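*Asks:*
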Amino acid sequence: MSTLQSLAHFKTEIILLIGAFITLFSDSPKGSRFLAGTAALLTLTLAGVAAFTEASQQSLQLFGGFFTLDGATRFFRFGMILAAAASVLLGMTRGAIALSFFAESTALMLFLTFGLIVLCASGHFLTLLLAVEMVSLLSYLMTGFSPQNTRAREAALKYLLLGSFCSAFMLYGISLLFGLTGSLDFDSVRAAVQDGGQRTAAAASLLFILTGAGFKLSLFPFHFWAPDVYEAAPSPVAAYLTVAPKAAACAILIRLFSEVFPSMQTFGAEVLQTLCILTLLAASLLALAQTRVRRLIAYSSMAQAGYLLMGLSLFSREGLQAAFFYLAAYGAANLGVFAALTALSQRGTQDHLEDLTGAAWRNPFAAGCLTVFLLSLAGLPPLAGFLGKFWIFAAALKEGEVFLVVTAALTSMIGIFYYFKILRTLYFSDPLIALCAAPTPLPLRILLILLASAVTAAGLFPSWLLRAAESALR
Amino acid sequence: MTLLSSVVFFPLAGALVLLGLPRTLASRAFPLAMGFTGLTLFIAFGILGAVDPTQPGFQLTEKMPWIPEWGVSYHLAVDTLSLPLILLSALLFAVACAASSQRKEKQKEYFALMLILETGVMGSFLALDLMMFYIFWELVLIPMYLLIGIFGGERKNRAAVKFFLYTFCGSLLMLLAVAAVYFLSPARSFDLLELLKSPLSLEIQRMVFLGFLAGFAVKIPVFPLHTWLPEAHVEAPAPISVLLAGILLKMGAYGLMRFGVTLFPEAALEFRPVLMGLAVAGILAGGFAALSQKDLKRMIAYSSVSHMGFVVLGISAGTEAALSGAVFQMISHGLITSGLFLLAGYLYERTHTRDQDAFGGLAAGMPRYAGLLIFFSMASLGLPGLSGFPAELLVLAGTLERHPGASAAAAAGIFLSAFYLVTMLRKVLWGPVPQNAPVPSDIRPGETLVLLPLVILILLAGICPSLFTGLSAASLPPLVIGASNG
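Chains as they are written, first to last, in our numbering: chain A, -10 to 463; chain B, 47 to 532.
1) Suppose only complete runs of 4+ residues qualify. What are the alpha helix (DSSP H) ranges in the stretch 250 to 325 of chain B, listed by chain order?
2) For the stretch 381 to 395 of chain A and the stretch 355 to 363 of chain A, state whether three or more C-beta atom pairs, one from each stretch, are separated by less than 8 Å.
3) Taking proline 102/B as the reference, give the member of Thr126/B, Gly81/B, Phe179/B with the closest Cα.
4) Looking at chain A, is there any beta carbon in it that lies within less than 8 Å of the beta carbon of leucine 64/B?
5) Give a yes or no on contact between the stretch 297 to 307 of chain B and the stretch 170 to 179 of chain B, applying the rule of three or more CB pairs nearer than 8 Å.
6) State yes or no: is the beta carbon of glutamate 108/B nearer than 8 Å to at least one beta carbon in chain A?
7) Pull up the distance between the alpha-carbon of proline 245/B and that of phenylalanine 211/A, whole angstroms please.
8) Quick one: list the residues of chain B neighbouring tyrosine 370/A, beta-carbon separation under 7 Å, in chain order.
9) Going residue by residue through the stretch 328 to 367 of chain B, where are the continuous alpha helix (DSSP H) segments of at least 4 residues, counting only ones entirely within it?
10) Return the residue from the list Ala158/B, Phe104/B, Phe139/B that minimises the CA-CA distance to glycine 60/B.
11) By the three-class DSSP mapping on this structure, what secondary structure does asparagine 531/B have?
12) On the CB-based measure, 16 or more other CB atoms within 10 Å of its CB, does leucine 448/A come out buried or exposed?
13) Report the three-state DSSP secondary structure of valine 468/B (helix, strand or coil).
14) Mind checking the stretch 198 to 228 of chain B against chain A and listing, in chain order, the residues whose C-beta falls within less than 9 Å of any C-beta there?
15) Specify the secondary structure class of methionine -10/A as computed by DSSP and reduced to three states.
16) On a Cα-Cα basis, can you pick out the residue from Pro451/A, Leu393/A, Ser177/A that is closest to leucine 245/A?
17) Phenylalanine 209/A bridges to which residues according to DSSP?
18) Between isoleucine 286/A and tyrosine 191/B, what straight-line distance do the alpha-carbon atoms span, to the nearest angstrom?
19) Looking at chain A, is there any beta carbon in it that lies within less than 8 Å of the beta carbon of alanine 61/B?
20) With a threshold of 16 other CB atoms inside 10 Å of the CB of glutamine 183/A, please say whether the residue is buried or exposed.
21) Please check if any C-beta of chain A sits within less than 8 Å of the C-beta of proline 114/B.
22) Taking the straight line between their C-alpha atoms, what separation do you get for leucine 35/A and threonine 1/A?
23) Out of Val288/B, Cys215/B, Pro285/B, point me to the one whose CA is closest to leucine 271/B's CA.
24) Could you please give me the residues that DSSP links to methionine 110/B through a beta bridge?
25) What number of angstroms, rounded off, separates the C-alpha of valine 357/B from the C-alpha of valine 167/B?
26) Under 8 Å, Cβ to Cβ, is there at least one residue of chain B near serine 125/A?
27) Would you call the CB atoms of serine 370/B and leucine 446/B closer than 8 Å?
28) If you count every other CB in all the chains shown that lies within 10 Å of the CB of isoleucine 509/B, and 16 or more means buried, which is it?
29) Rounding to the nearest angstrom, what Cα-Cα distance links alanine 292/A and serine 76/A in this structure?
30) On the three-pair Cβ rule with 8 Å, is the stretch 132 to 140 of chain A touching the stretch 235 to 255 of chain A?
31) Taking the alpha-carbon of alanine 96/A as reference, which of Phe134/A, Ala61/A, Leu333/A, Arg306/A has the nearest alpha-carbon?
32) From the DSSP output, which residues share a beta bridge with threonine 57/A?
33) Leaving aside the five residues before and after valine 526/B along the sequence, list all residues of the same chain whose C-beta is less than 8 Å from its C-beta, in chain order.
34) Any beta carbon from chain B within less than 8 Å of tyrosine 407/A's own beta carbon?
35) Helix, strand or coil: which one does DSSP assign to histidine 113/A?
36) For the stretch 374 to 387 of chain A, which residues have a CB atom closer than 7 Å to at least one CB atom of chain B, in sequence order?
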């Protein structure tokens, strides 16, 4: 499709870019978050409407095959926009992010959303690489956005170093592929890999590229940056980073295996399942030892990525559908966790678990929401996380992956330990200091209600989300 | 008909009302909760009126598609197996609620959690779709965990976590079994009735039955998975112990009958010796453990393990008499143990100790209390004329025919219960008064009133057992294990 024709299908992304610039310059001189926040939310709403009302439903190759607009792109694009909107709403809360950086960081978040959508949609290794670099650079920047906070700076540096390392691996993998096949276009690479005799070299390049995806998904052993980043980054940034890049990494994994390396799915499944088992075990055991809430959530989201990978690695219809469902459930719940923690946190505390002691009796609303999110992450009915996890387990059982299921069941039990550690702290004791009920600011209140009802509704009436996941597979 | 849906979701609506109550009105939580549990009991009576107990099979069915993509349906129905349990649950929730009238702090949350629990319990007893059953089954865990953890005694953290982990691990195995049933059965459905149409092969049955059994056995609890029970009971407030012992344990036994034995009859036959052995072991181990307890609540908890052993024995023996006895024992144990736990709770409220040795000669100062304690203890040890006697007799008689050994060993359990209960009575009510012994006041008329329905039902069931056995008889034949091949 020619560039001009392509642009007609590129409305959502264009709106995001323009909106990001407007947000960047709508920093209000009086020091309020309202202007920039509204600009960003408006942008995301418009982009969401554009994405939702897009007329054509078939698979399109935009810009000469650089951008694939298919069911998966549409599904992930919409999800990214929702996640970004939730993070912006979270950022509008006082205390979630420093006021002087709000407009800039919100604008960067919109750019990041753009980058992630392009990553999900890439149909060419060049797009893939550019998108990965864009996403990475923006993530490093946003992590270190509070100059006074040395922890954040340290986390950003760690992120930058490890990220560059993994990007280099990925780049090397891609260059290997180019050497093998003489092309970077997904379709031509697939054709060359399929009938070429260079299986070992192709497998090596696949492994190198997987390193990059593993880094974004914070899989073991590429996870070392995750706890620091999720702990030190401002809440809205951390919330967004635990959700959106992981979704994009899932999307690109599926795309690689279905469009470039369909001949290597058996090999890929073995690699992914090994990574999955290692990640699940490492994350669960490390999470047990945490005494800081955010760090605990970081390891928990690592474990959640393990469950996601379990669904993906089956390469079956049920597995993918379940993984998409689980991704949506995880995204809503994890954004919710960060929002609820922001509502519960007190000025001057260091995010220690014990700072939350008896918080349920200070702010029952936020604690109730946090309970819903944690229970969904732990996989308890009737919440969305339960159905997702159940369906992933069931799909794996159907493929006969008993060992995988047993490991995942075991780590779910360990998960109960650490999720309930937070619940116990919230409910089982009275607050240490007698404080009056802390009111939750309005944007945060709206966000919490929306996310909690989404998690509950997707658990009770999953049909709509299942249909969406189904359409992503088309 | 929406009678079943309303008995399930009415308490949940009540919980939402309570949670939405402004802080200033928190003191109204008790009357509101009493109203909700009372009305639920009323609806349960409505179900009793609408069901024809002579008819086998499911009645008042409510069915509609829920997650059509996965073959999950919203399917509630009652039969004469679940009917008595629905009535018992509705009654015990009202009793537990009434027994909590003195609660002063965090009332709103306490009663709301109790009502959520009621929804989970009712749903578990009425759901015929495996997925729905599992959801309700798990829904029970969270409020119970919070009730123990927030309102429990000194070691509540440990007790709550232990309760949750044990039951969750069992449930997880059950969940995997549910998934396996779905994919391995040609029916591709979660619906019990659909699944029954196409029986599974024995190999699959074996594997899946064990998964289900894990979930149910922890809950009943079957020896040696019972160790969470004493701790949870000791730490929970008395009304919560009532719900735990009176209802939650029955969910396991009910699940074993409704899903375990019904769906996997051949596997159940194969595992019968194991199950029976564990049941007898539970009866005896529970009895011996109760014998050596100083803590009053801990003793009652172990006696529960022993008495629930009779239920498992009845189910595994699988004759019609034994099954009838098992159902009877569920009801009877629910009534008796609730009474005992409430009585132990009343004493604890007054003296802040549960140590049997700390008391002595209470009969003199607390005649009403003494009378009630004797009544419930006698019912528990199986005095003829009270409900425990016909229940255990039916189980033993039903087992005796084919398994005389198991029956005899179980009978020894009854002697044990007589032993520890009478010893307890002697020590607490008439024994020598220890130094610094507390002198509690006798129970108030209000507290007696809470126990009154239990007393009446225990008497009624003891004097006229056919009233109760008749209620459940129609649905038992399908549960008979190995009917054809003896």
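Just so it is clear, CB atoms sit at the ideal spot from N, CA and C, and this is done for glycine as well. Since the model is a prediction, treat every value here as computed from it, not as a measurement.
*Replies:* Well, looking at it:
1) 274 to 281, 284 to 289, 295 to 301, 311 to 316
2) no
3) Thr126/B
4) no
5) yes
6) no
7) 47 Å
8) It should be noted that the sequence gives proline, not tyrosine, for residue 370/A. The contacting residues are Tyr180, Ile181, Glu184, Leu185.
9) 342 to 363
10) Ala158/B
11) Caution is warranted here: a pLDDT of 39 is assigned to asparagine 531/B, below 50, making its placement in the model unreliable, and the coordinate value is therefore given only provisionally. Three-state DSSP puts asparagine 531/B in coil, outside helix and strand.
12) The sequence given here has glycine at residue 448/A, not leucine. Label assigned to glycine 448/A: buried.
13) helix
14) Gly198, Lys202, Asn203, Ala206, Val207, Phe210, Leu211, Phe214, Cys215, Leu218, Leu219, Leu221, Leu222, Val224, Ala225, Ala226, Tyr228
15) coil
16) Ser177/A
17) DSSP output for phenylalanine 209/A lists no bridge partner at all.
18) 22 Å
19) no
20) exposed
21) yes
22) 8 Å
23) Cys215/B
24) Tyr120/B
25) 19 Å
26) no
27) no
28) exposed
29) 22 Å
30) no
31) Phe134/A
32) Gln50/A
33) Gly364, Thr365, Glu366, Leu369
34) no
35) strand
36) Phe379, Phe382, Ala383, Leu386, Lys387
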